[in-house]
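Structure first, commentary second.
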Amino acid sequence: MIKIYNTLTRRKEVFTPLAGDSVRMYVCGVTVYDLSHVGHARSAIVFDVIRRYLALCGYQVRFVKNFTDVDDRIIRRASEEGVPAAVISERFIEEYRRDMAALGVAAADAEPKATEHIAAMIELIERLIAKHVAYRVDGDVYFEVRRFPGYGKLSGKKLEELLAGIRVEVDERKRDPLDFALWKASKPGEPVWESPWGPGRPGWHIECSAMSMHYLGESFDIHGGGEDLIFPHHENEIAQSEAATGRPFSRFWIHNGFVNLGSEKMSKSLGNVRRVRELVHDHDPEAIRLSLLGAHYRHPLEFSEERIGEARRGLDRFRTLFDAADRLASRGAPAPGSAGGLVDELASLRERFTASMDDDFNTPQAIAALFDMASALHAYHAALEKGDRPTGPFLIGVDEVLTLGRVLGLFEKTSEAAGPPGEILERIEKLVRARDDARARRDWRTADALRAELQALGATTEDTPHGTRSPGMAPARPASERCVDSPERRVVP
RNA sequence: GGCGGCAUAGCCAAGUGGUAAGGCGAGGGUCUGCAAAACCCUUAUUCCCCGGUUCGAAUCCGGGUGCCGCCUCCA
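For the first sequence, counting from 1, position 482 maps to 482 in the working numbering; every step adds exactly one.
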């Protein structure tokens, strides 16, 4: 039984889809005018995990995430660069996809662009005009907020309070300062579409109503996005959608909290953004994921590079487990013996994992259960190495950690992916061999000197009974954690 | 000004009435030629402050302090 905090009711509610086992969810994506930052990453990862978990629970999830590709900022950037707006939006759609793929965020089932659904928007606006909840002024069309009785129900605001809070210049042509644009008459040089009200372009909010209804129907299960979208974007979506259809729009509204930098909201206007592009270059993407899932999705998250380093070190606890399992699996010949309490312990931890996820997707708690599973398995592994425990339960247990972790998008790769570039790898291998020789001669002085050299290259050494391993011959830590003049730092993506 | 949220160990962070998860760090131990890595153990009598309710409060109520968000484009 999954409980979800619904912004609309301000309560956790038991989640049941509108139709059988199928879940239809829509998440507001990004406006594609620049590279993504950590805040976008958090939102994408949060909804990626929600989607994965719903799928794990047996739901058929239809997941739609849009791209806003008509927007003032896109137009501004296009004119700065002297290219059509579509060039800018296409570029940043590709960049977004590249960043999110790097973070292990799965593509949505549909990723529509606003510009592909102008006709549906026009149709929706016509319905609103026909119902007298929207009106024309010159070439613009506005939604008349006072005609929709439920206005403010999502954000918990009253019209009077909103009016009192207005701080921007009011367009005198509007019937009410809170009325918002459904359609804007075009200005010279802007992208333009023909409409019954003359040439123009859609307002921001109408696209999500049109696209969500197009892909998911007039009523669907979940609508999500960052908490800053609650007002006005989602409030307006509800107003225009429900006014047009006369039916409830989305059942559940899920909003993720912000990423803070030094206890301040990360935003472009504050100039304190960290881009995903730099981050995935400097850090293990799974460590980024783990650190972003380390706080509950609705709470603000304190971001720093240091947090990612910590997450990376936490990840090692799992990776050593996977390595141990790989070695055991290839060795075969399970030893006889009792599994002790391992099976029961893992079963109860698995239950804790799902109970945590069931409770409004409490990933920090679910991750804690995962760490406890790792501890139990490591302890078991120690006994196993002494030969008095069977391998079967261990391998099954590790596999289970892997399965649960993948719900969070973790453990997709069980060891370091990209190693250092070829010529450095060669040097490392040469040094490791030389050091092995020295150790065989019990020439500790030379061996230690070679180890120091290896460390300067960012390579760790691990002495085993079978000789030195420098795991995968890959750096044990991301470049940014190593000393400043480590050569890998110069590598360009 | 209006509305909302948060305050838990050195740091990050769960926990919303039954006696403080988890991670990082730190200290000790095992292993090792010495290390590293890994593993094991320890690490908050106490949850911003003051009152109250209760057999029992980090959790509920009242008051205070501090921080943050939304009301404007924003994940």
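Backbone N, C-alpha and C fix where the C-beta goes; we use that ideal spot for every residue, glycine too. Nothing here was measured: the structure is a model prediction, and the numbers come from that model.
For residue i and residue j, which I take to be in contact (beta-carbon distance under 8 Å), what is that distance rounded to the nearest angstrom?
i	j	result
Gly257	Glu227	6 Å
Gly409	Gly217	With a Cβ gap of about 28 Å, Gly409 and Gly217 do not count as contacting.
His117	Glu190	So it is not a contact: roughly 18 Å between Cβ atoms.
Arg298	Tyr26	In fact, because the Cβ distance is near 19 Å, the residues do not count as touching under 8 Å.
Lys3	Gly29	Between Gly29 and Lys3 the Cβ distance is about 26 Å, and since that is not below 8 Å, they are no contact.
Trp253	Leu8	5 Å
Tyr380	Phe394	6 Å
Ile93	Ala85	So it is not a contact: roughly 12 Å between Cβ atoms.
Phe148	Ala239	4 Å
Ala41	Leu292	7 Å
Leu83	Ala114	Per the sequence shown, the amino acid found at residue 83 is Val instead of Leu. 19 Å between Cβ atoms; not a contact.
Asp282	Arg312	That belief does not hold up - the Cβ atoms of Asp282 and Arg312 are roughly 11 Å apart, past 8 Å.
Leu35	Glu95	6 Å
Thr68	Trp204	7 Å
Val280	Asp99	7 Å
Alpha carbon to alpha carbon, how far is residue i from residue j?
i	j	result
Gly246	Arg127	11 Å
Ala248	Tyr33	Rather than Ala, the amino acid found at residue 248 in this sequence is Pro. Approximately 32 Å, taken between the alpha carbons.
Arg406	Arg331	25 Å
Ser209	Arg274	31 Å
Arg10	Ile367	26 Å
Pro17	Glu160	35 Å
Val276	His234	26 Å
Asp396	Pro112	Checking the sequence shown, residue 396 turns out to be Ile, not Asp. Distance between the alpha carbons of Ile396 and Pro112 is about 41 Å.
Ala418	Val398	In this prediction, Ala418 has a pLDDT of 48, which is less than 50 and means its spatial position is unreliable; nothing more can be read from the coordinates.
Arg52	Ala102	17 Å
Ala452	Ala440	18 Å
Glu310	Val46	20 Å
Leu377	Arg433	33 Å
Ile222	Ile424	49 Å
Gly58	Ala456	49 Å
Phe411	Pro390	24 Å
Leu178	Leu154	15 Å
Ala449	Glu426	18 Å
Met211	Glu264	33 Å
Gly20	Ala339	40 Å
Ile129	Val145	13 Å
Ala243	Ile125	11 Å
Phe231	Glu194	29 Å
Ile122	Gly152	24 Å
Leu404	Asp48	14 Å
Lys12	Glu306	33 Å
Val133	Asp72	26 Å
Gly294	His37	18 Å
Lys386	Gly314	26 Å
Val87	Lys187	19 Å
Ala164	Thr31	29 Å
Arg77	Ser250	34 Å
Arg501	Ala107	The structure shown does not extend to residue 501, since the chain spans only 1 to 493, so no value can be given for it.
Thr446	Glu429	16 Å
Met357	Ala438	52 Å
Asp436	Leu454	13 Å
Lys131	Gly150	16 Å
Ile50	Ala110	16 Å
Phe180	Lys158	16 Å
Going by Cα to Cα distance, which pick from the options is closest to residue i?
i	options	result
Val14	Asp21, Met1 and Leu450	Met1
Phe63	Leu457, Phe220 and Ala383	Phe220
His214	Ala120, Arg307, His283 and Arg173	Ala120
Phe143	Gly156, Ala164 and Arg173	Arg173
Arg24	Gly341, Gln60 and Thr31	Gln60
Gly39	Leu261, Ser186, Trp204 and Arg251	Leu261
Tyr135	Arg175, Gly341 and Leu301	Arg175
Ile288	Gly203, Ile308, Glu400 and Gly314	Ile308
Leu384	Arg445, Ala324, Ala355 and Ala438	Ala324
His296	Asp436, Glu302, Phe180 and Thr363	Thr363
Ser267	Leu290, Ser250, Phe303 and Ser241	Phe303
Arg317	Thr354, Leu290, Leu328 and Glu345	Leu290
His255	Ser241, Gly224, Asp171 and Glu278	Gly224
Phe322	Leu402, Ala369, Glu286 and Asn272	Leu402
Could you tell me whether the stretch 183-202 touches the stretch 139-153, where touching means 3 or more Cβ pairs closer than 8 Å? These segments touch.
Starting from the N-terminal side, write out each stretch of the beta strand (DSSP E) that is 3 residues or longer and does not extend beyond the stretch 184-235. You should have 200-202 and 220-226.
Which ranges would you report for the alpha helix (DSSP H) in the stretch 262-294 if only whole runs of at least 4 residues count? DSSP runs (the alpha helix (DSSP H)) wholly in the stretch 262-294: 276-282 and 285-292.
Assess, as a yes-or-no matter, whether the stretch 368-376 is touched by the stretch 349-359 under the definition of 3 or more beta carbon pairs within less than 8 Å. The stretch 349-359 is in contact with the stretch 368-376.
Report the start-end ranges of each alpha helix (DSSP H) in the stretch 427-463 that is 4 residues or longer and not cut off at the edges. DSSP runs (the alpha helix (DSSP H)) wholly in the stretch 427-463: 444-456.
Ignoring anything shorter than 3 residues or poking outside the stretch 27-81, list the beta strand (DSSP E) runs there in chain order. Correct list: 60-68.
My parser needs the alpha helix (DSSP H) runs of 4 or more residues fully inside the stretch 291-361; what are they? Along the length of the stretch 291-361, whole alpha helix (DSSP H) runs at least 4 residues long occupy 305-331 and 342-358, reported in chain order.
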